[in-house]
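When you line the sequence shown up against the working numbering, it's residues 2 to 413, in that order.
We treat Cβ as the ideally placed atom computed from N, Cα and C, and that holds for glycine.
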Amino acid sequence: MHHFEYRDGTLFAEDVSITNLAREYGTPLYVYSAATFTRHFKAFDSAFDGLDHLTCYSVKANSNLSVLKLLAGLGAGMDIVSGGELFRALKAGVSPDKIVYSGVGKRAAEIREALDAGILWFNVESGAELLEIIEVARSVGKVARVSFRINPDVDPQTHPYISTGMKKNKFGLDIEHSLKAYAMCADLENIEPIGMDCHIGSQLTSIEPFKEALQKLLDFYGKLKDMGIDIKYLDLGGGLGITYDEEAPPHPTEFGQALKDMLADVPLKVILEPGRVIAGNSGILVTEVVYTKSNPSRNFLIVDAAMNDLVRPSLYGSYHRIAEVEPKGREAMLYDVVGPICESSDFLARERDLPAVEQGELLAVFSAGAYGFSMSSNYNSRPRACELLVDGEKVIVARKRETYDDLLDKEL
Ligand SMILES: *Cc1c(COP(=O)(O)O)cnc(C)c1O
C-alpha cells in the first residue's frame, strides 16, 4: 500500500498534487511519501513482534538524510556499507548501538570510524578483513564486536546481479571457513564474535530461500555450540521483494511467522536489514516528455529523466510501472521510454503500452524510492534531480536540485 493516488484526474502524493510539485520544483523530480515510509516500516517491524528483534534499515536503498531521520524517529536501526553511510546514519541521529556494518571491502579508516562511533558490530566477509579489524581495534585499544557473514549457498531465484548468497558470489564466508574464523577468535584479543549473519539477495518473492538459509544458519549455530562458542545475535539480512509489476511477494507477516516458527526455541536476538521493502514503493520519479518521435520500427517517448537518475532499467532490465500524471483516456501505443543520455541502454521502459501522450506532459515512474536516487550519477554532466519528502500537505525539500556550479564544485 502506498499514498500515490489519483484525485479528480491528477496524481497526488498524499495531499499534494504532483502537477503542482513539478511546476514548482521542475523535473526530473523524486517525490517520497512520509506516510508510506512510516507505514512500510511499521508493517515490517511489527511483523516480528513476539521475537526479540531489531530492524536495521538498509541505508543504501535510499540514503537521503530526511528519510533516515524519519526512520530513525520510528526506532529503526541501520545497516550500513561504507564510512559515508555511517556518517549519514549518525547525522540522522541513529544510536550507534543500532548500527551494523556490512560489505566486502571495508578500509582501515572506515573500520576506525565505526569503532570510534561504537557501532553494534561488523559483518565480517573474509579472513583478511577479520585480521584488519583486529589490527585496527588493537591500535585504538578497543574490542570490535563482529558477526561473520555466512554464505549459505542458497539460490534466491532473483536477478543474478542481486543474488548474493551463492558460492559464486563475492559475499561472505562459506560454512567451513566461518567455523574456523569463530574458532580463531576464541584465542584472540580485541575481537568478540557475538552474532552470525547472512544476506542472500534482493527482490525475493518467496519465503522459501529465506527458510533454507535460516535452516543452514541454525545448523551452523548448533556446531558453534558444540565448539563451546556462544553467540547472541542472528542477522538474516534484507531482500524481501516488492510489487513492481505483477510480482506477488509475501507480506512481511508471512516472513515474520516463518521466523517465529523456526526460532521458537532459539535464544538469539534477530536483526533484519530491509531496504527495498521499506523504500521502493515510497517514492516515484516524475518526468516530462521532451519530445515524441517515431521511426518505422519504434515509437519513442523522449523524457527528461535518464539512466543517471534511475539506472535500474539499464542495469538490471528492471520493470517500473509508468503512468500519466493526468490521465486523459487516450488509446495506448507501443513505446520505448528513453532519456536524453548518449547510450542505447538509456531507457526507462521498452516496448511498453502507454497512452499516446504529447510533448510537455508529465509521467510518473513508480516504485522508484529504492535504488533510485541513491544510485544516481552526473553522467553526461546532468545535475542530479531534486528530492521532495511529502508529509500530508507539507512538502520538504529533502535535497535541492543540483546546479551547473555543483558539477564543477570539486574540479580544478
Ligand atoms: C543491500 C543489502 C540489504 C538490503 O537489501 P534489500 O533487498 O533492499 O532489502 C541488506 N543487507 C545487506 C548486507 C545488503 O547489502
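Three-state secondary structure (DSSP) of residue i
| i | result |
| --- | --- |
| Leu273 | strand |
| Val137 | helix |
| Met167 | coil |
| Cys387 | strand |
| Lys411 | coil |
| Pro153 | coil |
| His41 | helix |
| Tyr33 | strand |
| Cys186 | helix |
| Asn63 | coil |
| Gly119 | coil |
| Asn282 | helix |
| Leu364 | strand |
| Lys107 | coil |
| Thr20 | helix |
| Asn309 | coil |
| Val125 | strand |
| Asn191 | coil |
| Ala221 | The question names Ala, yet the displayed sequence has Phe at residue 221. DSSP places Phe221 in helix when its eight states are reduced to three. |
| Ile112 | helix |
| Asp2 | Residue identity differs from the one stated: residue 2 is Met in this sequence, not Asp. Three-state DSSP puts Met2 in coil, outside helix and strand. |
| Gly196 | strand |
| Ile176 | helix |
| Asp53 | coil |
| Asn296 | coil |
| Met334 | strand |
| Thr288 | strand |
| Asp1 | The displayed coordinates of the chain run from 2 to 413. Any statement about residue 1 would go beyond what the structure contains. |
| Glu86 | helix |
| Val68 | helix |
| Glu1 | Residue 1 cannot be examined here, being either before or after the span of the chain that is shown, 2 to 413. |
C-beta contact flag for residue i and residue j at 8 angstroms
| i | j | result |
| --- | --- | --- |
| Glu86 | Lys107 | no |
| Ser346 | Ser315 | yes |
| Val291 | Ile303 | yes |
| Ile285 | Ala307 | no |
| Tyr162 | Tyr245 | no |
| Ile120 | Glu133 | no |
| Leu349 | Ile323 | yes |
| Gly239 | Ser59 | yes |
| Arg146 | Ile100 | no |
| Ala110 | Gly84 | yes |
| Gly76 | Cys57 | no |
| Glu25 | Asp392 | no |
| Ile151 | Ile176 | yes |
| Leu189 | Phe149 | no |
| Asn296 | Leu335 | no |
| Asp80 | Glu274 | yes |
| Leu55 | Ile272 | yes |
Contact set for residue i: own chain, Cβ-Cβ below 8 angstroms, skip 5 residues either direction
| i | result |
| --- | --- |
| Val155 | Gly166, Met167, Ile201, Pro210, Glu213, Ala214, Lys217 |
| Val396 | Val17, Leu22, Leu389, Leu390 |
| Tyr222 | Met197, Ile232, Leu235, Val267, Leu269 |
| Val105 | Glu126, Ser127, Glu130, Lys171, Phe172 |
| Gln360 | Val290, Val291, Tyr292, Thr293 |
| Val366 | Ile285, Leu286, Val287, Thr288, Ala306, Leu311, His321, Arg322, Ile323, Leu349 |
| Asn381 | Ala307, Asn309, Pro341, Ile342, Cys343 |
| Ile208 | Pro251, Glu255, Phe256, Ala259 |
7 angstroms Cβ shell around residue i - same chain, five flanking residues per side excluded
| i | result |
| --- | --- |
| Ala371 | Ala62, Asn63, Gly276, Arg277, Ala280, Gly281 |
| Asn379 | Asn309, Arg385, Leu408 |
| Ser283 | His3, Tyr33, Ser34, Thr37, Phe38, His41, Gly370 |
| Ala93 | Leu66, Leu69, Lys70, Ala73 |
| Ala138 | Leu116, Val144, Ala145, Asn191, Ile192 |
| Leu12 | Phe5, Ile19, Val326, Ala365 |
| Leu225 | Tyr183, Ile232 |
| Glu114 | Gly84, Leu87 |
| Arg400 | Asn65, Cys387, Glu388 |
| Lys181 | none |
| Ser368 | Ile243, Tyr245, Gly281, Asn282, His321, Arg322 |
| Ala44 | Pro253 |
Cβ shell of residue i (< 6 angstroms), same chain only, five flanking positions each side left out
| i | result |
| --- | --- |
| Thr206 | Gly242, Glu248, Pro250 |
| Arg351 | Asp337 |
| His160 | Tyr317 |
| Val82 | Lys61, Ser103, Gly104 |
| Ser179 | Phe149, Ile151 |
| Cys186 | Ile192, Pro194 |
Within-8 angstroms CB hit, residue i to chain D
| i | result |
| --- | --- |
| Ser67 | No chain D is part of this structure, which consists of one protein chain only. |
Inset, instruction - Indicate whether the contact test is met: 3 or more Cβ pairs, each with one atom in the region 248 to 255 and one in the region 43 to 55, closer than 8 angstroms. - result: Between the region 248 to 255 and the region 43 to 55, the count of Cβ pairs shorter than 8 angstroms is three or higher; the stretches touch.
Inset, instruction - Count the CB pairs spanning the region 383 to 391 and the region 260 to 270 that are closer than 8 angstroms, and state whether there are at least three. - result: At 8 angstroms Cβ cutoff, the stretches do not touch.
Inset, instruction - Kindly confirm or deny that the region 323 to 337 and the region 354 to 365 touch, where touching means at least three C-beta pairs closer than 8 angstroms. - result: A contact between stretches requires three or more CB pairs, one per stretch, nearer than 8 angstroms, and the region 323 to 337 meets this requirement with the region 354 to 365.
Legend entry - Stretch pair the region 134 to 153 + the region 181 to 194: three plus CB contacts closer than 8 angstroms: Yes, the region 134 to 153 touches the region 181 to 194.
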